[in-house]
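Asker: Sharing a structure, written as structure tokens. Questions coming.
Next comes the structure, spelled out in structure tokens:
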């Protein structure tokens with residue numbers, strides 16, 4: 001939650017109780033993965049398989065792990081798992097993550113009041129260079 005706080009505050013939408021409730025409601029242990037680097041927890045991501053596409057949810061990296069290529073390595077690994085399928089993600093408006101996803105080949109497909117909707121068309125992606133590991137969580 002601390003990773004999202006600054007973005008939600010900027011939008012006037014930070015409510016810890018609401019955020020926890022949304023995380024609990026959408027939590028799927030089978031889809032949840034922990035991200036480690038240098039033997040330390042660096043973030044998390046959830047990847048859901050849906051009919052005809054995949055969805056990325058709750059992709060968060062600790063600030064100390066950002067800007068080092070780890071996020072891109074994790075994203076590339078996720079896209080490479082099922083390169084034939086489109087992958088979708090929703091990003092908060094005004095989030096710096098918007099540029100990250102656009103550089104990775106995601107295209108804007110829609111908008112809602114607080115989010116931008118992106119999709120990656122589903123093409124092969126080169127694997128990362130082993131900066132960290134993505135492990136299924138429990």
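In UniProt numbering, the protein residues as written are 1 to 138.
Glycine included, each C-beta is placed from N, C-alpha and C at the ideal position.
1. Could you say which of 40, 42, 90, 48 lies nearest to residue 28 if we only look at CA atoms?
2. Measure the C-alpha to C-alpha separation of residue 118 and residue 39 and round it to an integer number of angstroms.
3. Measuring alpha carbon to alpha carbon, tell me which residue in 88, 101, 96 is nearest residue 63.
4. Is it right to say residue 99 is buried, meaning 16 or more other beta carbons lie within 10 angstroms of its own, or is it exposed?
5. Quick check on the burial criterion: 16 or more other C-beta atoms within 10 angstroms. Buried or exposed for residue 41?
6. How many whole angstroms separate the CB atoms of residue 56 and residue 35, which I take to be in contact at a CB cut-off of 8 Å?
7. In angstroms, rounded to a whole number, what distance separates the CA positions of residue 54 and residue 88?
8. Roughly how many angstroms lie between the CA atoms of residue 91 and residue 45, to the nearest whole one?
9. In this structure, how does DSSP classify residue 121 when only helix, strand and coil are distinguished?
10. Alpha carbon to alpha carbon, what distance is there between residue 101 and residue 111?
11. By the DSSP assignment, the alpha helix (DSSP H) with residue 100 in it spans what residues?
12. Quick check: the Cα distance between residue 123 and residue 17, rounded to an integer number of angstroms?
13. Write down the C-beta distance between residue 93 and residue 116 rounded to the nearest angstrom, noting that I regard them as a contact closer than 8 Å.
Answerer: Answer, in terms of the structure:
1. 48
2. 32 Å
3. 96
4. exposed
5. exposed
6. About 13 Å separates the beta carbons of residue 56 and residue 35, which is beyond the 8 Å limit, so they are not a contact pair.
7. 6 Å
8. 13 Å
9. coil
10. Cα-Cα distance, rounded: 15 Å.
11. Going by DSSP, residue 100 is part of the alpha helix (DSSP H) stretching over 97-103.
12. Whole-angstrom Cα-Cα distance: 38 Å.
13. 6 Å
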